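Peer 1:
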Amino acid sequence: DNWQDRWESIKINKKITVKDYENTDGPILLVCNRGKEGYGGGGKPAHIWARETIEELRKHTKRNFIVRFHKANVNDKTGSVKEFCSGPFAEGIEIQNPDKSYPDLLKTIKRSYAVVTFASSAAAPAIIEGRHLFVTSPTCFFYEDRSGELSDIENPKQINRDNFFKRYSHSHWNLLDLRGGDFWRHVKDEI
Numbered sequence: 023d024n025w026q027d028r029w030e031s032i033k034i035n036k037k038i039t040v041k042d043y044e045n046t047d048g049p050i051l052l053v054c055n056r057g058k059e060g061y062g063g064g065g066k067p068a069h070i071w072a073r074e075t076i077e078e079l080r081k082h083t084k085r086n087f088i089v090r091f092h093k094a095n096v097n098d099k100t101g102s103v104k105e106f107c108s109g110p111f112a113e114g115i116e117i118q119n120p121d122k123s124y125p126d127l128l129k130t131i132k133r134s135y136a137v138v139t140f141a142s143s144a145a146a147p148a149i150i151e152g153r154h155l156f157v158t159s160p161t162c163f164f165y166e167d168r169s170g171e172l173s174d175i176e177n178p179k180q181i182n183r184d185n186f187f188k189r190y191s192h193s194h195w196n197l198l199d200l201r202g203g204d205f206w207r208h209v210k211d212e213i
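As numbered in our numbering, residues 23 to 213 make up the sequence shown, in order.
(1) Could you check where the alpha helix (DSSP H) with residue 118 kicks off and where it finishes?
(2) Quick check on residue 148: does DSSP put it in helix, strand or coil?
(3) Buried or exposed: where does residue 206 fall if 16 or more other Cβ atoms within 10 Å of its Cβ makes it buried?
(4) Is the stretch 38-45 touching the stretch 69-78 in the sense that three or more CB pairs, one from each, lie closer than 8 Å?
(5) Who are the Cβ neighbours of residue 160 in its own chain at under 6 Å, not counting the five residues just before and after it?
(6) Can you tell me where the alpha helix (DSSP H) holding residue 208 begins and where it ends?
(7) Is the beta carbon of residue 158 closer than 9 Å to that of residue 51?
(8) Find the nearest neighbour of residue 165 within the set 144, 134, 176, judged by alpha-carbon distance.
(9) Where residue 92 and residue 48 are concerned, what is the direct C-alpha to C-alpha distance, given to the nearest angstrom?
(10) Quick check on the DSSP output: what are the complete alpha helix (DSSP H) runs of length 4 or more inside the stretch 124-169, in order along the chain?
(11) Check residue 90 in the structure and name its three-state DSSP category.
(12) Starting from residue 172, trace the alpha helix (DSSP H) in both directions and tell me its first and last residue.
(13) Since residue 70 is in the beta strand (DSSP E), which residue starts that stretch and which ends it?
(14) Is the beta carbon of residue 189 less than 9 Å from the beta carbon of residue 163?
(15) In its own chain, which residues sit with a C-beta less than 7 Å from the C-beta of residue 201, not counting the 5 before and 5 after it?
(16) Bridge partners for residue 40 per DSSP, in chain order?
(17) Count the other CB atoms, across all protein chains shown, that sit within 10 Å of the CB of residue 89; report buried if there are 16 or more and exposed otherwise.
So this is what it looks like as structure tokens:
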């Protein structure tokens with residue numbers, strides 16, 4: 023198993039620097055999945071998932087939150103984001119909405135304490151940037167890389183990132199891997 027070589031190659035090719043974990047005083051970033059109708063969110067619209075997740079997290083932390091709605095939701099005309107942003111519930115919540123200010127995801131992760139998602143690929147840079155990751159869907163690729171349950175938000179578990187790097191390195195393939203049969207050798211027993 024040459025996952026270390028594959029991972030090193032990916033890191034060099036994509037200029038990835040893995041950061042140490044650090045606990046910051048930053049807010050908790052909730053990265054919403056796409057779809058007002060619940061696509062990618064297990065049938066639950068993003069604003070409802072975010073509200074329920076914040077309600078649960080507020081039982082365990084006093085931190086502020088950033089809620090980042092998916093850029094695919096820019097044409098949401100239902101008013102769900104506007105509804106989410108109103109009233110006393112919204113205190114201590116910064117909204118990143120694609121039709122308003124939409125900062126760079128990596129910069130937002132870097133200033134956060136932890137990242138929470140249902141099942142978003144934004145979990146990968148959280149792991150790379152040394153931010154604790156909390157995943158609410160057991161079907162998410164990153165579920166086994168989570169730092170615990172939402173109730174563990176202030177006492178996150180340190181994960182073994184090598185498990186993530188191994189899986190990640192074997193989920194990215196190039197033409198040489200395909201031509202040489204490496205991809206087929208890796209997946210044939212899974213079919």
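The beta-carbon is built from N, C-alpha and C at its ideal position, and this holds for glycine as well. The structure presented is a predicted model; accordingly, all values stated were derived computationally and were not measured.
Peer 2: For this structure:
(1) Here the question's residue 118 lines up with position 96 in the sequence shown. Taken as a continuous stretch (DSSP letters only), residue 118 belongs to no alpha helix (DSSP H), being part of the beta strand (DSSP E) at 115-118.
(2) The residue labelled residue 148 in the question sits at position 126 within the sequence shown. Of the three classes helix, strand and coil, the one that applies to residue 148 here is helix, per DSSP.
(3) Position 184 of the sequence shown, counting from 1, holds the residue named residue 206. With fewer than 16 other Cβ atoms within 10 Å, it is exposed.
(4) no
(5) Taking the sequence shown and counting its residues from 1, the one referred to as residue 160 is at position 138. Around residue 160: no qualifying Cβ.
(6) Locating residue 208 in the sequence shown gives position 186, where the first residue counts as 1. Run containing residue 208: 204-209, per the alpha helix (DSSP H) assignment.
(7) The residue labelled residue 51 in the question sits at position 29 within the sequence shown. The residue labelled residue 158 in the question sits at position 136 within the sequence shown. No.
(8) On the sequence shown, position 143 is the one that residue 165 refers to. Of 144, 134, 176, the residue nearest in Cα terms is 144.
(9) Counted from its first residue, the sequence shown places residue 92 at position 70. Counted from its first residue, the sequence shown places residue 48 at position 26. So the two alpha carbons sit approximately 21 Å from each other.
(10) 127-132, 145-150
(11) As a working note, residue 90 is residue 68 in the sequence shown. Residue 90 falls in the strand class under three-state DSSP.
(12) Within the sequence shown, residue 172 is the residue found at index 150, counting from 1. That residue, residue 172, is in no alpha helix (DSSP H); it is neither H nor E in DSSP.
(13) Sequence index remark: in the sequence shown, residue 70 carries index 48 (1-based). Unbroken run through residue 70 is the alpha helix (DSSP H), 68-79; no beta strand (DSSP E).
(14) The sequence position of residue 189 within the sequence shown is 167, counting from 1. The sequence position of residue 163 within the sequence shown is 141, counting from 1. Going by C-beta atoms, residue 189 is nearer than 9 Å to residue 163.
(15) The residue labelled residue 201 in the question sits at position 179 within the sequence shown. Closer than 7 Å at the Cβ level, and outside the excluded window around residue 201, lies no residue.
(16) The residue given as residue 40 occupies position 18 in the sequence shown. Paired residue(s): none; residue 40 is not in a bridge.
(17) For the purposes of this step, residue 89 is taken as the residue at position 67 of the sequence shown. Residue 89 comes out buried.
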